[in-house]
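So the numbering used here is basically just the index in the sequence shown, starting at one, shifted up by 464.
Ideal placement from N, C-alpha and C gives every residue a C-beta, glycine not left out.
See below for the structure under consideration.
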Amino acid sequence: MEAYLQHQKHHYFAAILQALHFKMDTFIYNLVHHQSYEMILYRWIVKLYKKRKTSDEALQLIYKARNILLLTSTNGLYCHSIYTPKPQM
């Protein structure tokens with residue numbers, strides 16, 4: 465039974481990583497070397513697996529979470545406004 469659950473979890477991970485255009489070996493290598501993005505994705509995938517979300521549901525949630533993480537003004541990739549006002553004279 466334990467082997468079946470591990471096999472099922474592996475397929476879940478593989479489906480999500482493939483949809484995100486990751487190769488499993490590269491993802492695991494980066495995860496082992498504590499790369500931030502892979503660590504975050506791993507935590508998200510594990511949580512969604514434990515909540516029994518399907519891989520399609522998990523992908524949609526990961527896409528949304530990733531956009532929020534990367535695009536928020538406080539901690540994301542674009543933390544400075546793209547719009548720069550013209551100086552007033």
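- Query: Taking C-alpha atoms, which residue in E502, Y476, I509 lies nearest to I526?
  - Reply: The residue labelled residue 526 in the question sits at position 62 within the sequence shown. Comparing Cα positions, the closest option is I509.
(Q) Just checking M465 against the ligand GTP - is the residue's beta carbon closer than 6 Å to any of the ligand's heavy atoms? (A) Of the ligands one can find in the structure shown there are none, so the ligand GTP has no counterpart to examine.
Does the separation of the CB atoms of Y468 and S519 fall below 7 Å? Here residue 468 corresponds to residue number 4 of the sequence shown, with the count starting at 1. Here residue 519 corresponds to residue number 55 of the sequence shown, with the count starting at 1. No, they are not a contact pair.
- prompt: Using CA coordinates, which residue listed in H474, K487, Q470 is at the minimum distance from E502?
  reply: If you number the sequence shown from 1, residue 502 lands on position 38. Among H474, K487, Q470, the Cα nearest to that of E502 belongs to K487.
If you run the structure through DSSP and keep just helix, strand and coil, what is Q499? Within the sequence shown, the letter at position 35 stands for residue 499. Of the three classes helix, strand and coil, the one that applies to Q499 here is coil, per DSSP.
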